[in-house]
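**Student:**
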Amino acid sequence: MKADEKRNRVLWCSIAVVALVIALALSLKGSKGLQWVISGLTVGSIYALVAMGFSIIYASTRVINFAQGEFSMLGGMLMYTFSSQVGLPAWLSFILAVTVVTALGAGFERAVIHRMEGASVVALIIVTIGFSIFIRAVAKWIWGTDPVKIAAFLGEEPLRFLGASIVPQSFWVFGFTAVAVILVFLFFNRTLPGKGMRAAAGNPDAASLVGVSTSTSSLLAWTMAAALGAAAGIIIAPINFAAYSFGVMLGLKGFAAAILGGLGSAPGAVVGGLILGVLEIMTAGAFPSGYKDAVAFLIIILVLLVRPQGLLGKPEGEKV
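So this is what it looks like as structure tokens:
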């Protein structure tokens with residue numbers, strides 16, 4: 141109980157940090173501060189989805205998947221192909237794009253990660269980096285280097301709110317992220333496969349003794365992460381142009397959010413993503429925009445120095 145109470149206190153403290161960052165942005169620049177918050181939460185929601193992919197795989201397999209950003213890139217590019225080039229309806233294009241990327245993630249887990257059971261952490265990281273480079277090279281060959289634009293789901297006329305502008309696509313980002321967070325929470329806390337994945341992450345040997353398949357848990361983790369990554373790339377593409385290279389930075393930002401919130405913690409991924417998004421937009425508003433990309437790397441350094449397990453993560457020695 142003491143551990144649960146401690147984690148609850150940390151969770152509320154993390155939520156308070158998010159609220160403090162938002163309040164700071166609002167107090168600094170008035171309506172411009174509100175614009176920072178809206179833009180930051182939009183970007184932060186995407187970072188949260190990518191970070192959840194990192195955390196789900198790490199929590200289940202202890203693998204850091206540096207191809208997570210490429211899942212998002214593929215989602216956006218496939219959405220462009222199905223909707224703009226093939227001419228399919230947006231809803232069908234969305235389903236097809238997510239399905240293709242999900243199948244790719246599951247196939248990679250079966251073909252490579254599953255066969256490398258027992259390999260060192262370094263070897264697994266190198267494999268995911270190589271997979272990322274391979275996906276990017278294939279995407280460049282198929283789609284070229286020019287960015288592509290996907291039509292917004294609800295039109296592109298911005299809405300005005302207290303002097304700030306909100307693009308309609310932001311509502312899709314907020315809504316999808318909220319639904320994804322709820323579904324992930326329910327999956328891990330209310331379903332037998334989800335509870336099995338948590339058990340396998342905490343103690344694989346004990347989980348195997350009670351019939352939990354670590355192999356199935358790994359496959360489910362990669363499948364979920366690929367689906368989340370693809371969806372993130374699709375819903376952000378109408379706001380930012382999609383390109384074969386855009387998964388690199390998105391993956392790094394998602395990784396930074398996961399580190400900040402606690403690698404392996406889905407709630408931490410959400411908190412970390414929102415904090416990173418707002419801080420990044422505030423930096424872009426206060427300084428030359430090129431400095432905003434440094435925020436993610438600065439956060440990684442500070443968190444690893446001060447609190448390596450992140451805001452909501454567990455220290456390596458703590459048992460489930």
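Using the working numbering, the first residue of the sequence shown is number 141, and each one after it goes up by one.
Note that CB positions come from ideal geometry on N, CA and C, so glycine has one too.
For the segment 367–378 against the segment 402–420, are there 3 or more C-beta pairs whose distance is under 8 Å?
**Tutor:** no
**Student:** Distance, Cα to Cα, I440 vs L392?
**Tutor:** Answer to the nearest angstrom: the Cα atoms are 10 Å apart.
**Student:** Given a cut-off of 9 Å on the beta-carbon distance, is the pair G209 and M389 in contact?
**Tutor:** yes
**Student:** Give a yes or no on whether the C-beta atoms belonging to L214 and L244 are separated by under 9 Å.
**Tutor:** In this structure, L244 lies closer than 9 Å to L214 by Cβ.
**Student:** Give me the residue from I266, V183, A292 with the minimum Cα distance to Y220.
**Tutor:** For Y220, the nearest C-alpha among the options comes from A292.
**Student:** Give the DSSP-derived three-state secondary structure of I306 in the structure shown.
**Tutor:** strand
**Student:** Are the CB atoms of A377 and F194 within a distance shorter than 9 Å?
**Tutor:** Using a Cβ distance threshold of 9 Å, F194 and A377 do not count as a contacting pair.
**Student:** For the pair the segment 317–336 and the segment 219–239, tell me if three or more CB-CB distances fall below 8 Å.
**Tutor:** no
**Student:** Any contact between the segment 235–250 and the segment 357–367? By contact I mean 3 or more CB pairs, one from each, below 8 Å.
**Tutor:** yes
**Student:** Mind checking which residues open and close the alpha helix (DSSP H) that includes L364?
**Tutor:** Going by the sequence as given, residue 364 is Met instead of Leu. M364 -> alpha helix (DSSP H) spans 354–376.
**Student:** Terminal residues of the continuous alpha helix (DSSP H) containing D433?
**Tutor:** 432–446
**Student:** I need the DSSP call for G295, collapsed to helix, strand or coil.
**Tutor:** strand
**Student:** Among V203, V241, T285, which has the Cα closest to the Cα of S385?
**Tutor:** T285
**Student:** So, helix, strand or coil for V238, using DSSP?
**Tutor:** helix
**Student:** Between the beta-carbon of A207 and the beta-carbon of S272, is there less than 9 Å?
**Tutor:** yes
**Student:** Using the C-alpha atoms, what's the distance from A259 back to I178?
**Tutor:** 43 Å
**Student:** For the candidate residues I282, V324, I204, whose alpha-carbon lies nearest to that of I265?
**Tutor:** When only C-alpha atoms are compared, the closest one is I204.
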